[in-house]
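Scroll down for the structure; my scribbles are underneath it.
Numbering (the working numbering), first residue to last: 4 to 175.
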């Protein structure tokens, strides 16, 4: 084979290599049921090494403050925590959403009713979600989230849900 053909083939292979290496075929999907709006959403938010912008927008809409409709982008790290919990449990059921993004007005309303609502809540930043995973005990969800050490984890036994966020690692 002539030297120029070998060079051309090498150039083509080098050009294709990042696409082939970067394309892992991995995708991450989650199912949600919002306990206040009674809406459901199934979304693939990550595919082939990239967060899917259209899916993140769907989640921004779905996880808006249900009291007033205000929206905020959701930190993909929160979604990754949920996905990791799902992987650890082997359960692919719906996450029941109790709370996700909270507007400042909603956060103040809740603070007036409860001492357990933080003034600078991660919910205000789109970095927190309160959930249950259907088919899995909330204690199990809590324990997995704690072992991941990816952010804050709160366990609310009476209300039967777990808070996860991408803030500093802490527990309550």
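Backbone N, C-alpha and C define an ideal beta-carbon position, used for all residues, glycine too.
In this text, all values refer to a predicted model and were calculated from it rather than measured experimentally.
Give the DSSP-derived three-state secondary structure of residue i in the structure shown.
i, result
"residue 140", "coil"
"residue 82", "helix"
"residue 11", "Its pLDDT being 49, under 50, residue 11 is placed unreliably in this model, and the value from its coordinates should be taken loosely. Of the three classes helix, strand and coil, the one that applies to residue 11 here is helix, per DSSP."
"residue 131", "strand"
"residue 2", "For the chain, the structure presents residues 4 to 175; residue 2 sits outside this window and is missing."
"residue 66", "coil"
"residue 174", "strand"
"residue 37", "strand"
"residue 168", "strand"
"residue 77", "coil"
"residue 50", "strand"
"residue 102", "strand"
Might you give, ordered along the chain, the residues of its own chain that have their beta carbon closer than 6 Å to the beta carbon of residue i, omitting 5 neighbours on each side?
i, result
"residue 37", "100"
"residue 32", "47"
"residue 173", "155"
"residue 177", "No answer is possible for residue 177: the residues shown for the chain start at 4 and end at 175."
"residue 171", "none"
"residue 175", "157"
"residue 74", "63, 67"
"residue 59", "none"
"residue 43", "36"
Is the CB-CB distance between residue i and residue j below 8 Å?
i, j, result
"residue 155", "residue 168", "yes"
"residue 51", "residue 87", "no"
"residue 109", "residue 63", "no"
"residue 148", "residue 81", "no"
Going straight from the alpha carbon of residue i to that of residue j, what length do you get?
i, j, result
"residue 41", "residue 35", "10 Å"
"residue 54", "residue 72", "24 Å"
"residue 129", "residue 76", "6 Å"
"residue 106", "residue 45", "24 Å"
"residue 61", "residue 161", "31 Å"
"residue 94", "residue 165", "16 Å"
"residue 145", "residue 89", "12 Å"
"residue 116", "residue 138", "31 Å"
Ordered along the chain, which non-local residues of its own chain (more than five positions away) have a Cβ less than 7 Å from that of residue i?
i, result
"residue 114", "120, 122"
"residue 143", "92"
Please tell me whether residue i has its Cβ less than 8 Å away from any Cβ of chain C.
i, result
"residue 144", "Looking for chain C here will not work: only one protein chain is present."
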